[in-house]
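Taking numbering that gives the first Met the number 0, the leading residue of the sequence shown gets 0, the next gets one more, and so forth.
We treat Cβ as the ideally placed atom computed from N, Cα and C, and that holds for glycine.
Written below as structure tokens is the structure these notes are about.
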Amino acid sequence: MENVSVGVKIKPSRPLEAARSKSGFWLVVLGAALWGADPLFRIILLKSLTSAQIVLLEHIIIALIAIPVMWKNRDELRGLGWKQAGALLFISWGGSAAATILFTMGLVNGNPNAVLLLQKLQPLFAIVLARMLLKERLPRHFSWLIILALAGTYLLTFGFTLPIGHWSEIVHVGSLLSLGAAALWGGSTVMGRLMVGQMKYETVTSLRFLLALPLLFAITWNEGAAWNIPTESGAFAAVSLNLLGQALLPGLLSLLVYYKGLTTTKASVATLAELSFPMVGVVINWIAFQEMITLAQAFGFMLIWMTLFIISRQSQESPEVALKSS
Numbered sequence: 000m001e002n003v004s005v006g007v008k009i010k011p012s013r014p015l016e017a018a019r020s021k022s023g024f025w026l027v028v029l030g031a032a033l034w035g036a037d038p039l040f041r042i043i044l045l046k047s048l049t050s051a052q053i054v055l056l057e058h059i060i061i062a063l064i065a066i067p068v069m070w071k072n073r074d075e076l077r078g079l080g081w082k083q084a085g086a087l088l089f090i091s092w093g094g095s096a097a098a099t100i101l102f103t104m105g106l107v108n109g110n111p112n113a114v115l116l117l118q119k120l121q122p123l124f125a126i127v128l129a130r131m132l133l134k135e136r137l138p139r140h141f142s143w144l145i146i147l148a149l150a151g152t153y154l155l156t157f158g159f160t161l162p163i164g165h166w167s168e169i170v171h172v173g174s175l176l177s178l179g180a181a182a183l184w185g186g187s188t189v190m191g192r193l194m195v196g197q198m199k200y201e202t203v204t205s206l207r208f209l210l211a212l213p214l215l216f217a218i219t220w221n222e223g224a225a226w227n228i229p230t231e232s233g234a235f236a237a238v239s240l241n242l243l244g245q246a247l248l249p250g251l252l253s254l255l256v257y258y259k260g261l262t263t264t265k266a267s268v269a270t271l272a273e274l275s276f277p278m279v280g281v282v283i284n285w286i287a288f289q290e291m292i293t294l295a296q297a298f299g300f301m302l303i304w305m306t307l308f309i310i311s312r313q314s315q316e317s318p319e320v321a322l323k324s325s
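What follows is the structure, encoded as structure tokens:
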């Protein structure tokens, strides 16, 4: 008798779902951790270029890799609706360019400590939006986990001290700008989760960089800063190597790993996994720039890792992940 192939989707087994959920969570942790390598490259680059120029050149380098990927996956763009297009623009324009600009303006126009403190509310924005837009159910004891995570990030940033003295230092234009940046970054996590459920993670990563190029060209042009690229061979080689490293490690590779993990990780959970970024930043400052880790930072480090470990265990025991069908 001739075998007939029937178009029936086989639901993955529970152990397989658990393994995918757990590995996806730790991929988000790894992808966010790679962002912490940014200062290793940016410190040298800022001696010759502005932040806008660095980001523009980084995106141009990545575009050389992203364009062939997009050509290969061009069929995924067919039938792209306004909702998906809006999500992609939110990720590339809002989560990358606009949020960074707002946060930088906040530091210039407000109390830096208040701005940093309010930026820590980013996970709350992501959790609320994930609940509203993606209808995600939160893991067990999530309210306690978010408190642990926020306490850990607070200690990493401020230690055992109060960063502000009066309420008037919080209610300021710089603080509003910081809240806007936190909302955009949190929303970018949710929009990324939405898109990796409908496209390959390589496509989402490529579009994030490609769609940001027109806006970055406009920002750099409006800035009007001179391009002080060194002409001496040694300095030029240093700038070129650091720019390449910046683009490929905390740029392209980090987001490929991040979006790969996001395919099987809830946005509300991924936003806590992203806290590996400030942890790695503290470690790199200690190793590369001899900034000693304080007792408070070590305690904050422990709280965040405890939170990540508990969430990872929950992902393994009771995964409720909407896997992307192939």
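Q) How would you call Met194, buried or exposed, if buried means at least 16 neighbouring beta carbons within 10 angstroms? A) In the sequence shown, counting from the first residue as 1, residue 194 sits at position 195. By the 10 Å Cβ count, Met194 comes out buried.
Using 8 Å as the threshold, is the C-beta distance between Ile283 and Ala51 below it?
Translated into positions along the sequence shown, residue 283 becomes position 284. Translated into positions along the sequence shown, residue 51 becomes position 52. No; because the gap between Cβ atoms is not below 8 Å, this pair is not in contact.
- Task: Quick one: measure Cβ to Cβ for Val114 and Ser177, integer angstroms, because I've assumed they're closer than 8 Å.
- Result: Working through the sequence shown from its first residue, we reach residue 114 at position 115. Working through the sequence shown from its first residue, we reach residue 177 at position 178. 4 Å between Cβ atoms; contact.
*For Ala292, which three-state DSSP category applies?*
Within the sequence shown, the letter at position 293 stands for residue 292. With the sequence shown as reference, residue 292 is identified as Ile, and Ala is not the correct amino acid for it. If DSSP states are grouped into helix, strand and coil, Ile292 belongs with coil.
#### Entry: Nonlocal neighbours in the same chain, by C-beta distance under 7 Å from Ser47, ignoring five residues either side
Here residue 47 is taken as the residue at index 48 of the sequence shown, counted from 1. For Ser47, where only same-chain residues beyond five positions count, the Cβ hits under 7 Å are Asn227, Ile228, Pro229 and Val238.
Looking only at its chain, what residues have a beta carbon closer than 8 Å to the beta carbon of Leu215, apart from the 5 residues adjacent to it on each side? Along the sequence shown, read from residue 1 onward, the residue named residue 215 stands at position 216. Here the set comprises Ala51, Val54, Leu55, His58 and Ala96.
Tell me which residues share the same chain as Lys265 and place their Cβ nearer than 6 Å to its Cβ, disregarding the 5 neighbours each side in the sequence. Start at 1 with the first residue of the sequence shown, and residue 265 comes out as number 266. These residues qualify, in order along the chain: Glu135.
Confirm, please, whether the CB-CB distance from Gln118 to Ala182 is below 8 Å. As a position in the sequence shown, residue 182 is number 183, starting the count at 1. As a position in the sequence shown, residue 118 is number 119, starting the count at 1. No, the pair does not count as a contact, with Cβ atoms beyond the cut-off.
Could you tell me which of Phe288, Ala287, Leu274 and Phe208 sits nearest to Gly250, measuring between CA atoms?
Position 251 of the sequence shown holds residue 250. Ranking Phe288, Ala287, Leu274 and Phe208 by Cα distance to Gly250 puts Phe208 first.
Does Asn221 pass the burial test, meaning 16 or more other C-beta atoms within 10 Å, or should it be called exposed? Against the sequence shown, residue 221 aligns to sequence position 222. Classification for Asn221: exposed.
Whole-angstrom Cβ separation of Leu307 and Val28, contact assumed at under 8 Å?
-> Along the sequence shown, one-based indexing puts residue 307 at 308. Along the sequence shown, one-based indexing puts residue 28 at 29. Confirmed, Cβ separation roughly 6 Å.
Open item on the list: According to DSSP, simplified to helix, strand and coil, what is Pro162?
Closed with: Against the sequence shown, residue 162 aligns to sequence position 163. Coil.
- Item | Beta carbon of Tyr200 nearer than 8 Å to that of Ala31 | Looking up residue 200 in the sequence shown gives position 201. Looking up residue 31 in the sequence shown gives position 32. No, these two residues do not count as a Cβ contact at 8 Å.
**Rounded straight-line distance, which links the Cα of Leu120 to that of Leu274** = To locate residue 274, count along the sequence shown from 1; it is residue 275. To locate residue 120, count along the sequence shown from 1; it is residue 121. In a straight line, the C-alpha of Leu274 is about 12 Å away from that of Leu120.
Does the region 59-66 come within contact of the region 239-246, defined as at least 3 CB pairs closer than 8 Å? yes
- Message: Given this structure, state the Cα-to-Cα distance separating Glu202 from Glu290, to the nearest angstrom.
- Response: Start at 1 with the first residue of the sequence shown, and residue 202 comes out as number 203. Start at 1 with the first residue of the sequence shown, and residue 290 comes out as number 291. In the sequence on display, residue 202 carries Thr and not Glu. The alpha-carbon atoms of Thr202 and Glu290 are separated by roughly 38 Å.
Taking the alpha-carbon positions, what's the Ala272 to Ile90 distance?
-> Start at 1 with the first residue of the sequence shown, and residue 272 comes out as number 273. Start at 1 with the first residue of the sequence shown, and residue 90 comes out as number 91. One C-alpha to the other measures close to 18 Å.
Shortest alpha-carbon distance to Ser253 belongs to which of Trp34, Ser20 and Gly23?
Against the sequence shown, residue 253 aligns to sequence position 254. Closest by alpha carbon: Trp34.
At what residues does the alpha helix (DSSP H) containing Lys259 begin and finish?
Numbered from its first residue, the sequence shown carries residue 259 at position 260. Ser253 to Leu261 is the span of the alpha helix (DSSP H), which, as asked, contains Lys259.
Gln296 to Leu123 span [Cα, whole Å]
As a first step, residue 296 is located in the sequence shown; it is residue number 297 there, counting from the start. As a first step, residue 123 is located in the sequence shown; it is residue number 124 there, counting from the start. For Gln296 and Leu123, the distance between alpha carbons rounds to 22 Å.
Q) Using DSSP with H/G/I as helix, E/B as strand and the rest coil, what is His58? A) The residue given as residue 58 occupies position 59 in the sequence shown. Reduced to three states, the DSSP call for His58 is helix.
(request) Give the single residue among Ser205, Phe276 and Ala148 whose Cα lies nearest to the Cα of Met301. (result) Numbered from 1 along the sequence shown, position 302 holds the residue referred to as residue 301. Among Ser205, Phe276 and Ala148, the Cα nearest to that of Met301 belongs to Ala148.
Residues in the same chain with beta-carbon distance under 8 Å from Glu1, minus the five sequence neighbours each way, listed in chain order, please. For this step, residue 1 is matched to residue 2 along the sequence shown. Residue placement at Glu1 is poorly supported in this model, since its pLDDT is 39, which falls under 50; the coordinates are not used for a value here.
query: Taking Cβ to Cβ, would you say Leu132 is nearer than 8 Å to Val172?
result: Walking along the sequence shown from the start, residue 132 turns up at place 133. Walking along the sequence shown from the start, residue 172 turns up at place 173. Taking 8 Å as the Cβ cut-off, Leu132 and Val172 do not qualify as a contacting pair.
Q) Taking all protein chains shown into account, do 16 or more other C-beta atoms lie within 10 angstroms of the C-beta of Gly151, making it buried, or fewer, making it exposed? A) As a position in the sequence shown, residue 151 is number 152, starting the count at 1. With 16 or more Cβ atoms within 10 Å of its Cβ, Gly151 is classed as buried.
- Query: Is DSSP giving Gly35 helix, strand or coil here?
  - Reply: For the purposes of this step, residue 35 is taken as residue 36 along the sequence shown, with counting starting at 1. Coil at Gly35, not helix or strand.
So, with DSSP's three-state summary, where would you put Pro227? On the sequence shown, residue 227 is found 228 positions in, with the first residue counted as 1. Reading off the sequence, residue 227 comes out as Asn, not Pro. DSSP places Asn227 in coil when its eight states are reduced to three.
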